[in-house]
Amino acid sequence: MEDPLVQQQAAEGAILRAKAAFVAYPLDVLKTQVQSGHPRYNRLTRLPCLVKDYKLKIFRGYPGVGANSFLMGALMFGGYRFFDNFWALYQVPDYWRPAVAGGSIGALCGLAATPLEQVKTIMALQETWLKERKITKRIYGSVLQGAWKAPLSLKFYAATPLVIRTALFDSQLFFYNSRLREWLHSGACPENLQFLVSTLGFMLAGLVGATVNYPFDRVKGHMMGRAFQASIGEKPKESTYGAFASVVRRHGWAGLFHGLPTRSVLHAVVWCVVGAGRELCERGGLRERAKEKSAALGRSRTLSA
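Structure follows, in structure tokens:
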């Protein structure tokens, strides 16, 4: 991780993911409600209703989510650069290496994000449980409290679908984006349109990836929504396969895509913000200077060897 390019990508990814998570957080709360089967907040058009009901409480869980997004952004983008270099040593073809590197770091990100993602889900749902008198007091006062106090069986209850989802998503995101940047650098796109095309292309890559892996996100949401009750014995525990079967049995195969519009808009906002930020960093010369330092470091290591 001494490579300046890895460090620059990690810092860039951390800041942009945290900002994007804040902008899109109300949509994230709504997505959690939709996937958990709430009768009132059950589709994208209920977002104004959710914001009106929750008011500023809608951001109660953001500090933990922001911290998680910051860490995951650093791990995702810095780790991608690390794995890209790693798989290059094993002569993985340039064309497919972004997909392999993305899948590698995606699996690690999914596992690392599971505890905070689980606690965030509980915090998003507990406000509704309080209103419906299903609980008498908040389960966790903050994401950090939940991450510290929650048992491991609860924090990693839905780890499997999250790891698969994130590995699939990151693999596609980096593969599609690398193909787009290859096309942009070929000179086929007018220079005055490159910022717009690159930003929208990154957003589209995120949307496609989010659509392909959505059944795993749906199952992850289903499992995380019932994880607390399962951990205290109010509901039976489910495996990933059991959760898939439960969703299909109750809602049909189309049920695996229930809530997709909400998640699509969420990812459009997130990856549009991240894509625009990455382009601004590149145009500001930050990435180019990091590449020069990285190349100089590589040359010095070669000479010392």
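Everything in the sequence shown is counted per the UniProt record's numbering, starting at 1 for the first residue and increasing by one. Using N, Cα and C, we set each Cβ at its ideal position, and we do this for glycine too.
Residue i classed as buried or exposed, judged by whether at least 16 other C-beta atoms fall within 10 angstroms
i    : result
C49  : exposed
L303 : Confidence at L303 is low in this model, with a pLDDT of 44, below 50, so its placement is unreliable and no value can be given for it.
H185 : exposed
E12  : buried
A243 : buried
T32  : buried
E182 : exposed
A205 : buried
L56  : exposed
L207 : buried
R226 : buried
N192 : exposed
Y214 : buried
R97  : buried
K120 : buried
G284 : exposed
Rounded separation between residue i and residue j - CA only
i    : j    : result
L152 : C189 : 50 Å
Y61  : T262 : Correcting the residue identity first, residue 61 is Gly in this sequence and not Tyr. Whole-angstrom Cα-Cα distance: 19 Å.
G78  : A113 : 16 Å
R133 : R218 : 26 Å
I105 : W87  : 12 Å
V92  : M76  : 20 Å
T211 : Y95  : 23 Å
G102 : T136 : 43 Å
R17  : K220 : 21 Å
L47  : T199 : 25 Å
T45  : I164 : 29 Å
Y41  : Q35  : 10 Å
K131 : I139 : 14 Å
W148 : G187 : 51 Å
F83  : K52  : 44 Å
K19  : F59  : 13 Å
S264 : S178 : 21 Å
L180 : A245 : 37 Å
Q7   : Y54  : 38 Å
F216 : H258 : 12 Å
A150 : G277 : 35 Å
Contact set for residue i: own chain, Cβ-Cβ below 8 Å, skip 5 residues either direction
i    : result
A24  : L266, V269, V270 and V273
M223 : Y157, A158, P161, E238, T240 and A243
K235 : R226 and Q229
Contacting residues, own chain, Cβ-Cβ under 6 Å from residue i (five flanking each side not counted)
i    : result
K155 : P115 and Q118
T166 : G106, C109 and G110
F14  : The sequence shown places Ala at residue 14, not Phe. So the list reads F70, G73 and A74, once near-sequence residues are dropped.
A99  : S171 and F175
Q9   : F77, G78 and R81
W129 : I135
G275 : T199, F202 and M203
G209 : F169, Q172 and L173
L260 : Y214
Residues near residue i in its chain [Cβ-Cβ closer than 7 Å; skip 5 each side]
i    : result
G255 : V247 and V248
E279 : F195, S198 and T199
A38  : Before going on, a small fix: residue 38 reads as His here, not Ala. Closer than 7 Å at Cβ, skipping near neighbours: T128.
F22  : Y62 and G66
Y90  : none
Self-check item: Segment contact flag, the segment 113–126 with the segment 26–41, C-beta cutoff 8 Å, min 3 pairs
Solution: yes
Quiz prompt | Continuous alpha helix (DSSP H) assignments of at least 4 residues falling wholly in the segment 219–297 | solution = 240–251 and 260–283
Practice problem: Report yes or no: do three or more beta-carbon pairs, one from the segment 247–257 and one from the segment 230–237, lie closer than 8 Å? | Solution: no
Practice problem: Only counting runs of 4 or more residues, tell me where the alpha helix (DSSP H) segments fall wholly within the segment 147–184, in order along the chain. | Solution: 152–155
Quiz item: Pairing CB atoms from the segment 53–68 with CB atoms from the segment 140–151, are three or more of them under 8 Å?
Solution: yes
Self-check item: 4 or more residues per run - each alpha helix (DSSP H) lying fully within the segment 75–133
Solution: 97–131
Practice problem: Give, in chain order, every unbroken run of the alpha helix (DSSP H) that is at least 4 residues long and sits entirely within the segment 41–77. | Solution: 47–54
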